[in-house]
Amino acid sequence: MLITLLVVTESVFSQTPAKDPGFSLLFNSSIGFSHADDPHINRWLRKYGYPTEPHVPASLNFELSAIPVSSRVLYSMKLSTIISGNNMTSFNLLGGIYESIARSRSFLLFAGLGAGYHGDIINLNGNMPQDYKELATQYKKQLCLRRAGLFVQPAIRAFWYAISFRHLQLGLFADLGYDLDLNSRWKLGYYQNGNTKFNRFRKINKPSDQQRVSEHGLAYNTGLSLRVHLQ
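Per our numbering: the sequence shown = residues 21 to 251.
Structure, rendered in structure tokens:
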């Protein structure tokens, strides 16, 4: 349905293009979902009694975007964190460049590519393999598994602004893309001052029972967009 709507809208607006030469900033907040998952780590979590991660995790996204003067290109920077994980902390930092397909004063349609950094942390506060337990005793710390890597996301993005007041516009937007996470292998370690991602991670080793898995799948999100025309 979404794809059909975008195609029809593109056809209509491409026949009546609107010129918008001013510089504008977009402040976007949304809820997103991704079908990219790691079946190996879920099997490991289930084996040792941890809650598995949802097949389609939900994330909270905050984004700042800009459209330069007389440009058809949208530049964006987005920060995301999972809000449906049981024992996992996850974050994404995504930068993107998107070319305008259709454009009017109240409607924008873009297609392009985003690339960024992806990280996951699992706190091991329950049962563990015997060698993990020995390391936890040796270091006297709560252990965790951590991985990070690059990811790319080609996407189509649609913005519709229903409310306009002077230089401000408020509306809805939706993205439809495909995530490809190039994750590194899980590393075993601990955080120097606790189990929070804001402290320094001390790597112990690369566990032999973990492996590198590249995740991929559909990703979509929708939310509110505030557009500020500066010129």
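Heads up, the beta-carbon is just placed ideally off N, CA and C, and yes, glycines get one too. Owing to the predicted nature of the structure, the values given are computational and were not obtained by experimental measurement.
Closest residue to residue i among the options (Cα-Cα distance)
i	options	result
Arg247	Ser79, Arg92, Leu163, Gly191	Gly191
Asn81	Ser90, Ser110, Phe130, Ser50	Ser50
Asp199	Leu94, Gln230, Ser44, His138	His138
Ala175	Ala156, Asn48, Leu133	Leu133
Thr101	Leu170, Phe53, Ala156, Phe185	Phe53
Asn112	Ser44, Gln189, Val172	Val172
Phe130	Val93, Asn62, Ala156	Val93
Tyr70	Asn106, Leu99, Arg220	Asn106
Close beta carbons around residue i, own chain, < 6 Å, minus the five adjacent residues each side
i	result
Met97	Leu84, Gly115
Leu46	Ser85, Ser245, Arg247
Arg66	Thr72
Ala156	Leu163
Cβ distance (whole Å) where residue i is taken to contact residue j below 8 Å
i	j	result
Ile183	Cys164	Not confirmed; about 45 Å, so no contact.
Arg167	Ser120	With 8 Å as the limit, Arg167 and Ser120 do not qualify as a contact, their Cβ atoms being about 36 Å apart.
Tyr210	Arg222	6 Å
Separation of residue j from residue i, as counted between CA atoms
i	j	result
Val89	Gly42	5 Å
Gln231	His60	8 Å
Trp180	His187	16 Å
Thr242	Gln158	47 Å
Ala178	Asp195	6 Å
Asn225	Ser91	48 Å
Leu202	Ser234	5 Å
Leu250	Gly136	28 Å
Gln189	Asn48	12 Å
Tyr152	Tyr68	12 Å
Asp229	Leu144	15 Å
Arg220	Gln212	6 Å
Gly169	Leu99	15 Å
Ser44	Phe185	14 Å
Arg63	Ala122	44 Å
Residues near residue i by beta carbon distance below 7 Å, same chain, minus five either side
i	result
Pro227	Trp206, Leu208
Leu238	His55, Tyr198
Lys161	Tyr210
Leu95	The displayed chain sequence assigns Tyr, not Leu, to residue 95. Ser85, Ala86, Ile117.
His75	Asp57
Neighbourhood of residue i by C-beta distance below 8 Å, restricted to the same chain and skipping five residues each side
i	result
His236	Ala56, Tyr198, Asp199, Leu200, Asp201
Ala78	Ile51, Gly52, Phe53, Ile102, Ile103, Ser104
Phe193	Asn48, Ser50, Arg177, Ala178, Phe179, Trp180, Thr242, Gly243, Leu244, Ser245
CB contact check: residue i to chain B, cutoff 8 Å
i	result
Thr101	Note that chain B does not occur in the displayed structure, where there is just one protein chain.
(Q) Would the segment 145-152 count as touching the segment 118-137 if we require 3 or more Cβ pairs under 8 Å? (A) no
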